[in-house]
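Heads up, the sequence shown is in the working numbering, so the first residue is 493 and it goes up one at a time.
Here a beta-carbon is modelled for each residue, glycine too, at the ideal position from N, C-alpha and C.
Notes follow the structure.
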Amino acid sequence: MNILNFFGQDEFKQQQIARFIVEAALLQFIVSFIMIALYFFTSIEPLFLMLIPFALFLFYCIIRYILSGIEFADVFTEQEYNKMKKRNLMGAAWIFVVNGLAFFFIEKSLFESSIFGLISGILMWSMNTISLKKSYKKNQLL
493 MNILNFFGQD
503 EFKQQQIARF
513 IVEAALLQFI
523 VSFIMIALYF
533 FTSIEPLFLM
543 LIPFALFLFY
553 CIIRYILSGI
563 EFADVFTEQE
573 YNKMKKRNLM
583 GAAWIFVVNG
593 LAFFFIEKSL
603 FESSIFGLIS
613 GILMWSMNTI
623 SLKKSYKKNQ
633 LL
């Protein structure tokens, strides 16, 4: 079983994601050596130093995926683009509601849960909007 099958059936998309993961792993490897040197020569908290390469790997993969324009491969026309914009907005609203309710059941604070839901919804909407615009522009060139 190929692990890339979890990323969809599109072979180009699988290759791109594998490339992003390899790039991030190499970057993480280099940064890990820098963090080891910082640990020996500074008094920075070791847990913080361990978190930096992991966070770098995660954010690098996500940002490269968003900016690559490979997520929305089937958006070619203006009507499809507008339809996906509406779908992204509805998805962000759904994330806002679900995360807000989940956080409310954990924290019992309406203000904090609303802010958490709002931030997660805005992040989801902005990531999908950027990816959609990049995909649409890339598909227009094809």
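Under the three-state reduction of DSSP output, F521 falls in the helix class.
In this structure F532 is exposed. Its beta-carbon is surrounded by fewer than 16 other beta-carbon atoms within 10 angstroms.
A straight line joining the alpha-carbon of V589 with that of S535 spans about 42 Å. Under the 10 Å beta carbon count, L624 is surrounded by 16 or more other beta carbons and is classified as buried. Proximity to I614 across R579, A547, E604 and I587 peaks at I587, based on C-alpha coordinates. A residue is called buried when at least 16 other Cβ atoms come within 10 angstroms of its Cβ; A547 does not meet this threshold and is exposed.
With a cutoff of 8 Å on beta-carbon distance, E570 and S627 are scored as not near each other. A529 is classed as exposed because its beta carbon has fewer than 16 other beta carbons within 10 Å across all chains shown. Membership of L615 in the alpha helix (DSSP H) is indicated by the continuous run L602 to L633.
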